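Numbering (the numbering used here), first residue to last: 948 to 1112.
Single-structure report; data block below.
This is how it looks when you write it as structure tokens:
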């Protein structure tokens, strides 16, 4: 495991009991990562989190040509490409938006920077649920008028306009 690299800010753990740790991110502090760099050919970089307290702990390793130890075997065939990865991200539900909006502006800035910036985890995609989901404060849809196939009564809900658009 590598030490905290220059520029990276370590996690300040906060214990919520029952083995539930989170990293503090508020108006004055949020942990960060160094910008991601591609490893040398034949090498990999791993970021690991665990209940034992690891929070995006960085380590490096080298791929082996043959298996020398028993256990899990991961075989990479770099000559075959099955799919293209467009990016990584998460969901912005009503509940997430409500909690983010309850933070002070500096805390919101730190939180969003920790998700989307080069000093964070560099999300580049967000999924927004269509209408309500199980993380909404009330059930709603965009058009409750029967047989409105042309969607003449389609309207975004207040939650969408105020929190997600």
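Ideal placement from N, C-alpha and C gives every residue a C-beta, glycine not left out.
Here the structure is a predicted model, which is why all the values come from computation and not from measurement.
Q: Please confirm whether residue 1080 and residue 1040 have their CB atoms less than 8 Å apart.
A: yes
Q.
Using 8 Å as the threshold, is the C-beta distance between residue 1007 and residue 990 below it?
A. yes
Q: Counting only runs of 4+ residues fully inside the segment 1012-1048, write out the alpha helix (DSSP H) ranges in chain order.
A: 1041-1048
Q: Answer with buried or exposed for residue 1061, where buried requires no fewer than 16 other C-beta atoms within 10 angstroms of its C-beta.
A: buried
Q: Measure the Cβ-Cβ separation of residue 1057 and residue 977 and say whether it is below 8 Å.
A: yes
Q | Nearest neighbour of residue 1132, chosen from 1082, 1097, 967 and 1100 [CA to CA] | A | What the structure shows of the chain is the stretch from 948 to 1112, and residue 1132 is not part of that stretch, so it cannot be assessed.
Q. Is residue 1035 closer than 8 Å to residue 1003 when the C-beta atoms are compared?
A. no
Q) On the three-state DSSP scale, how would you describe residue 969? A) strand
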